[in-house]
Amino acid sequence: MTRVHPVSSARVGGSGSRIQLDTTLRRWFNRNLGLWRSRRQYFFPDDEVLRVDMLLRVQTFEDQAEVEPRYRFTWWPEQEYDFFELKPRYVREGTMDASLCGHQLRRSRGYLCGSPTKSQIRQADEHEVVFESHYLEWDILEHIRLVDQDRFRARSIYSWRDGNLELVETHHEIRLEPAGPPLPADA
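Numbering (this note's numbering), first residue to last: 481 to 667.
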């Protein structure tokens, strides 16, 4: 696996300050707020391919001027699928809170585990961000690109387990609703 190394704030933010980096990433995250339909394909090493449609709501919290920006991600299946019985590692529905700290995203739960994780962030350009996460026996590389004036998102996720590529995912996401009001700071 080729690792994506964290980049310095000077390369991403332009001025070299963490404030500039936070502003750039905060703006990208805020462009993702709202409700999305996520049409997913999962490619497993035994050539098994599974599809599932999920709904994903991305929200922010109010009064974040003086603190790290926080986001809430809530997901659930659009309809019932046998996917979750076939692959019980995946959570049918849930909530994850995350905070943006410089070039790290601190998540209340991991992508393939229920414990808190950190992801390194690299911004490829104004429309695409790359996350690199390492926890337990997993190395995960995730690309998210906003497309067509933020009406769509394209996600590609590669998951290595103990150095072996175990899972490749492609998600085509369609915005269903714009951002709603921020959640209360203590929610």
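Heads up, the beta-carbon is just placed ideally off N, CA and C, and yes, glycines get one too.
| Enclosing beta strand (DSSP E) for Glu657 [first to last residue] | By one-based count along the sequence shown, residue 657 stands at place 177. Per DSSP, Glu657 belongs to the beta strand (DSSP E) from Asn644 to Glu657.
| request: Using three-state DSSP, classify Pro661 as helix, strand or coil. | output: Against the sequence shown, residue 661 aligns to sequence position 181. Pro661 falls in the coil class under three-state DSSP.
| field | Nearest to Trp516 (by Cα), restricted to the options Ile654, Trp556 and Glu646 | value | Numbered from its first residue, the sequence shown carries residue 516 at position 36. Taking only the C-alpha atoms, the option nearest Trp516 is Ile654.
| task | Measure the alpha-carbon distance for Leu535 versus Asn512 and round it to whole angstroms. | result | Indexing the sequence shown from 1 puts residue 535 at position 55. Indexing the sequence shown from 1 puts residue 512 at position 32. Roughly 13 Å between the two C-alpha positions.
| Is there contact here, the segment 559 to 571 with the segment 579 to 587, by at least three beta-carbon pairs under 8 Å? | no
| field | N- and C-terminal bounds of the alpha helix (DSSP H) containing Glu565 | value | As a position in the sequence shown, residue 565 is number 85, starting the count at 1. Where Glu565 is concerned, the enclosing alpha helix (DSSP H) stretches over Phe563 to Leu566.
| Integer Cβ distance of Arg590 from Tyr615, believed to fall under 8 Å | Within the sequence shown, the letter at position 110 stands for residue 590. Within the sequence shown, the letter at position 135 stands for residue 615. For clarity, residue 590 is Gly in the given sequence; the question names Arg instead. The Cβ separation is near 5 Å, so the contact holds.
| Buried or exposed: Asp619, going by 16 or more other Cβ atoms within 10 Å of its Cβ? | Position 139 of the sequence shown, counted from the first residue, corresponds to residue 619. Burial call: buried.
| request: With DSSP as the reference, please indicate the residues paired to Phe553 in a beta bridge. | output: Translated into positions along the sequence shown, residue 553 becomes position 73. In DSSP, Phe553 forms a bridge with Val538 and Met576.
| message | My assumption, with CB atoms under 8 Å, is that Trp508 sits in contact with Val610. Please give the rounded CB distance. | response | Mapped onto the sequence shown, residue 508 falls at position 28. Mapped onto the sequence shown, residue 610 falls at position 130. That pair is no contact at about 11 Å.
| Same chain only: Cβ atoms within 7 Å of Met576, ignoring 5 sequence neighbours per side | Here residue 576 is taken as the residue at index 96 of the sequence shown, counted from 1. For Met576, where only same-chain residues beyond five positions count, the Cβ hits under 7 Å are Phe553, Arg587, Ser588 and Arg589.
| request: Please classify Val592: does DSSP put it in a helix, a strand, or coil? | output: Here residue 592 corresponds to residue number 112 of the sequence shown, with the count starting at 1. The amino acid occupying residue 592 in the given sequence is Leu; Val does not appear at that position. Correct three-state label for Leu592: coil.
| said: Between Gln521, Leu505, Ala665 and Gly514, which has its C-alpha nearest Glu649's C-alpha? | reply: As a first step, residue 649 is located in the sequence shown; it is residue number 169 there, counting from the start. Checking every option, the nearest Cα to that of Glu649 belongs to Gln521.
| field | Residue from Pro658, Asp630 and Leu592 with nearest C-alpha to Ile637 | value | For the purposes of this step, residue 637 is taken as the residue at position 157 of the sequence shown. Of Pro658, Asp630 and Leu592, the residue nearest in Cα terms is Leu592.
| If you scan the segment 611 to 636 from start to end, which runs of the beta strand (DSSP E) of 3 or more residues do you find wholly inside it? | 618 to 627
| task | Buried or exposed for Arg633, please, with buried defined as at least 16 other CB atoms from any protein chain shown within 10 angstroms of its CB. | result | For this step, residue 633 is matched to residue 153 along the sequence shown. By the 10 Å Cβ count, Arg633 comes out buried.
| task | Would you kindly work out how many angstroms separate the C-alpha atoms of Phe523 and Asp666, rounded to a whole number? | result | Reading the sequence shown from its first residue, position 43 is the one you call residue 523. Reading the sequence shown from its first residue, position 186 is the one you call residue 666. The straight-line gap from Cα to Cα measures roughly 39 Å.
| request: Give the secondary structure of Phe524 by DSSP, where H, G and I count as helix, E and B as strand, and everything else as coil. | output: The residue you call residue 524 lines up with position 44 of the sequence shown. Three-state DSSP puts Phe524 in coil, outside helix and strand.
| Where do the ends of the beta strand (DSSP E) carrying Arg586 lie? | Taking the sequence shown and counting its residues from 1, the one referred to as residue 586 is at position 106. Element bounds for Arg586: Gln584 to Arg587.
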